[in-house]
Amino acid sequence: NSVEKGWPLARALVFEFPHVADTAGIDTQFLVGDALLISPVLTEGETSVDAFFPRSIWYDWYDYSAINGANANVTLDSPLEHVNVHIRGGRILPGQVPALTTADSRKGEFFLIVAADENNHAVGSLYYDDGETFDTPHRWIDLSYNDNVLTIKQVKGSYQILPCLSKITLLGVGDVQTVMVNDVHVAATIAHTNGASLIEGLCLDLNSNAVISFDF
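Just so we're on the same page, my numbering is the position in the sequence shown counted from 1, plus 79.
If you want it as structure tokens, here you go:
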């Protein structure tokens, strides 16, 4: 949406939740895209913050614990070295392993964070190009998670994504035991914490469609 429609990357809560009247006056929190809620401490010396959570499931970025948002404030611990970041249920976040420079970061392997909502669904998208030119080839990919199946669907574009998808983190789904890609079992390292399953050791080509299913 930022690429095609010009929507801001950093957004006031009211931008995403205009139907929730309380968000209109909130200027102490913001969203990155439609999925990441940032709740910083803005008062010197404070070690907690009252953060507004719109109605949804929100997962802690660091330990994957869940908060059931109810259009109300929740008091969060905020020691000096910590900024509260929460992932909105129902969203899929793609990313790459970071490095010290932009050029090196583009070589990093991809990961997906799948944050399931109360119906065990999530959606997202990935846009990718060379990051330098205006008329470069590009690639749009749709991502969806429904009933324990993650679908990677090519939408348009011919840009070749070189790094593979090596890690998938599923939030709020329970403990995954095995993984299949296009109906073929794949070897993967799976860990569990706070209702999340961390699946590593994959190497999936993001230039092709894929159906990834999880057994519990």
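We put the beta carbon where it would ideally sit given N, CA and C, even for glycine.
Exercise. Quick one: residues in its chain with C-beta nearer than 8 Å to the C-beta of Asp142, no 5 flanking neighbours on either side, listed in chain order?
Key: Thr272, Asn273
Exercise. Report yes if the CB atom of Gly169 is closer than 8 Å to the CB atom of Ala145, and no otherwise.
Key: Gly169 places its beta carbon 8 Å or farther from that of Ala145.
Quiz item: In this structure, does DSSP put Ala275 in helix, strand or coil?
Solution: strand
Exercise. Please go through the same chain and pick out, in chain order, the residues whose beta-carbon is closer than 6 Å to the beta-carbon of Asp113, but skip the five residues on each side of it.
Key: Contacts found: Glu95.
Practice problem: Specify the secondary structure class of Lys186 as computed by DSSP and reduced to three states. | Solution: coil
Practice problem: Quick one: using the 10 Å Cβ neighbour count with 16 as the cut-off for buried, is Phe213 buried or exposed? | Solution: exposed
Quiz prompt | Coarse secondary structure for Ala114, derived from DSSP in three states | solution = Note: Ala114 maps to coil in three-state DSSP.
Exercise. Examine the ligand HEM and report whether any of its heavy atoms sits within less than 7 Å of the Cβ of Phe94.
Key: As for the ligand HEM, it is missing from this structure, which has no ligand bound.
Quiz item: In terms of alpha-carbon separation, which member of Arg185, Glu211, Ala270 lies closest to Leu244?
Solution: Arg185
Quiz item: Do you know how far the Cα of Ala103 is from the Cα of Met259?
Solution: Their Cα atoms are separated by approximately 44 Å.
Quiz item: With Val128 and Ser157 assumed to form a contact (beta carbons below 8 Å), what rounded beta-carbon distance in angstroms separates them?
Solution: 5 Å
Practice problem: Pull up the distance between the alpha-carbon of Pro87 and that of Ile117, whole angstroms please. | Solution: In this structure, the CA atom of Pro87 is about 15 Å from the CA atom of Ile117.
Quiz item: When the Cα atoms are used, what is the spatial distance from Asp106 to Tyr138?
Solution: 21 Å
Quiz item: Going along the chain, which unbroken runs of the alpha helix (DSSP H) with 4 or more residues stay wholly within the stretch 138–220?
Solution: Within the stretch 138–220, the complete alpha helix (DSSP H) runs of at least 4 residues fall at 181–184.
Self-check item: Exposure label - Asn198; buried when at least 16 CB within 10 Å
Solution: exposed
Quiz item: Excluding the five sequence neighbours on either side, which residues of its own chain have a C-beta within less than 8 Å of the C-beta of Asn286, listed in chain order?
Solution: The residues Arg218, Gln233, Gln239, Ile240, in chain order, have a CB closer than 8 Å to that of Asn286 in the same chain once the five nearest residues on each side in sequence are set aside.
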